[in-house]
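Under the numbering used here, the first residue of the sequence shown is numbered 77, with each subsequent residue one higher.
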Amino acid sequence: MSKKISIIKPDDWHLHLRDGDALNTTVAFSAKQFQRAIVMPNLAQAIVNTELALQYRQRIINARPEGNNFQPLMTIYLTDNTRVEDIRSACDNEFIFAAKLYPAGATTNSSNGVTDISQLSAVLEAMQAGKLPLLVHAEVTEQEVDIFDREEVFIDRYLNEIRQQFPELRIVLEHATTKQAIDFVEANDNTGATLTPQHLLYNRNDLLAGGIRPHNYCLPILKREEHRQALLKAATSGSPKFFLGTDSAPHAINAKEANCGCAGCFSAHAAIELYCEIFEQAGALNKFEAFSSFYGADFYGLERNTDVITLVKEEWSAPESYPFADQAIRPFRQDTPLQWKII
Ligand code: NCD
Ligand code: ZN
C-alpha cells in the first residue's frame, strides 16, 4: 500500500491570485488545497485601501468553485500616500488582515510602493496600535546593491530599525531567502517568515547553471546552497516563527520567456505536494503539519482549521501549461515528476 499522510487543511500565507479572467485559473487551484490565503495586493492597480480590498475580495469569492469555502484574507498595499485613516479603516475591517510594504521598484507591480521608509512612522505606529501585521518584501532597490545581497542589506538598513522602533508590531519577513533573514527572525520577538517551495527546493544554480531557466526566476532571487540549507533547517526546526507561504505568482509563458522576463513562479497547482516532498526529503514529515497548518494561523492570531486533507505518495506530472485568461502559464518544476498527490 502506498504511503499516506493526513494533515489539518493548510493555509497559504503569501499568494498572488491576480485579477480578471486569471481568477478563473488561480482561485480554483488554491481553493482545492488551502482553507485560507493571504492575498497579495500588487495588482496592476494596487489595492491601496479597504474599499478596493473589499471589491477585490468579492471578485475572488465569485471565482470560487461551487460549494468551496476558501477564504481570501485581504491585505492593503502601502504607498507614500497611505494615511493613518487608511490604516484605521483596515484595522476595523473583519476582512483585512495585514498591510504589505513593497519598496518602490523591488518587484512585480511595485512602482507605487514606498520610496522613503523613514516617512512611514505614523503608519507603522497606527498598525502597531491596531494590531495589523506588517508584511515586508525585504529587498533594497538601490541599483548599486548586488541583486544577491538585497535582502541582507534591507535587513541591515531598514528592518532592524523598524523592529526596534515598533516592538509590538507583528512583522512577517515574506519569502525569506537568506540565512541572515533566518537569523533576524529567530533573534526578534513578534517576527515571523514565510518560506516558499522554490527557495526550499532550489539554489541559484537551478536558475543559471547549464542554461538560464526563466521559470525559476523569482524575487527575491534564488540564492547559494548555504542559504537554502538555512531555510530548510528553519522550516523543519519546529519553530512557530516559520510557516508556509507559496508566493505562487503566475505570469503568462510569453512574459517569462522574454527579453526581459517577469519574476514569479506559479506553484499553486501542486503547492502542498511540493512542501510534502521537501519535508520528506529532509526526514521531517513529523514537522510538516505544524509548518503548513498551525504556525501561520497562530502568528496571525486566527483559529486553526479543522478539516483534514490526505496526501498519498504517488508520482504524477503536471501538464506543460494551464490556461490563464487568454494566455497560458507553465507550472513551477514542470520538468520533474511530483512525488505526492492530494486525494
Ligand atoms: C511576485 C509577483 O509576480 O507578483 N513575483 C515574485 O517573483 N515573487 C511579487 C513578489 O512577491 O515579489
Ligand atoms: Zn509575492
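All C-beta atoms, glycine included, are put in the ideal place defined by N, C-alpha and C. These numbers were taken from a predicted model, which means no experiment stands behind them.
- At a cut-off of 7 Å, the beta-carbon of Leu295 counts as near the ligand NCD: some heavy atom of the ligand is closer than that.
- Cβ neighbours of Val216 within its own chain (closer than 6 Å, five residues either side excluded): Arg226, Val229, Phe230.
- Distance from the Cα of Asp402 is smallest, within the candidate group Lys79, Leu99, Trp89, for Leu99.
- DSSP, read as helix, strand or coil, puts His92 in coil.
- Within the chosen limit of 7 Å, the ligand NCD reaches the beta carbon of Asp323 through at least one heavy atom.
- Per DSSP, Arg300 is not a residue of any beta strand (DSSP E), being assigned neither H nor E.
- Taking a C-beta distance under 8 Å as the contact criterion, Thr183 and Pro326 do not qualify as a contact pair.
- Between the alpha carbons of Asn138 and Glu302 lies a gap of roughly 43 Å.
- Inclusion of Val190 and Asp162 in the CB contact set at 8 Å is not warranted, their separation being larger than that value.
- Taking one beta carbon from each stretch, the stretch 343-351 and the stretch 294-309 have fewer than 3 pairs nearer than 8 Å; the two do not touch.
- For Ala339, the distance from the CB to the nearest heavy atom of the ligand NCD is below 7 Å.
- At least one heavy atom of the ligand ZN falls within 7 Å of the beta-carbon of His92.
- Contact check between the stretch 293-302 and the stretch 271-284: three or more CB pairs, one atom from each, fall below 8 Å, which counts as touching.
- In this structure, the CA atom of Glu391 is about 11 Å from the CA atom of Ile418.
- Within its own chain, the residues whose Cβ lies closer than 7 Å to the Cβ of Leu149, once the five positions on either side in sequence are excluded, are Arg112, Ala113, Ile114, Val115, Phe173, listed in chain order.
- Contact annotation: Pro243 and Lys176 have beta-carbon atoms that are not nearer than 8 Å.
- Ser82 counts as exposed, since fewer than 16 other C-beta atoms from the protein chains shown sit within 10 angstroms of its C-beta.
- In the DSSP assignment, Cys341 forms a beta bridge with Ser324.
- With fewer than 16 neighbouring CB atoms inside 10 Å of its own CB, Cys336 falls in the exposed class.
- Met116 has its CB nearer than 7 Å to a heavy atom of the ligand ZN.
- Judged by the Cβ position, His251 qualifies as a neighbour of the ligand ZN at the 7 Å threshold, a heavy atom of the ligand being closer than this.
- Setting aside the 5 residues that flank it on each side, Leu154 is surrounded in the same chain by Ala175, Leu177, Val190, each with a C-beta closer than 6 Å to its C-beta; the list follows chain order.
- The beta carbon of Thr158 is closer than 6 Å to those of Val199 in its chain, skipping five residues each way along the sequence.
- Under the three-pair Cβ rule at 8 Å, the stretch 83-96 counts as touching the stretch 360-379.
- Rounded to whole angstroms, Val160 and Gln305 show a C-alpha spacing of 40 Å.
- Rounded to the nearest whole angstrom, the C-alpha separation of Leu210 and Phe146 is 23 Å.
- Closest in alpha carbon position to Lys108, among Val384, Asp97, Ala129, is Val384.
- Here Ala257 has Ala214, Glu227, Glu228, Ile231, Leu249, Ala269 as same chain residues with Cβ atoms under 8 Å from its own Cβ, once five neighbours each way along the sequence are excluded.
- Remark: the C-beta of His303 is outside contact range of the ligand NCD, defined as less than 7 Å to any heavy atom.
- Looking at the DSSP output, Arg112 bridges to Gln147.
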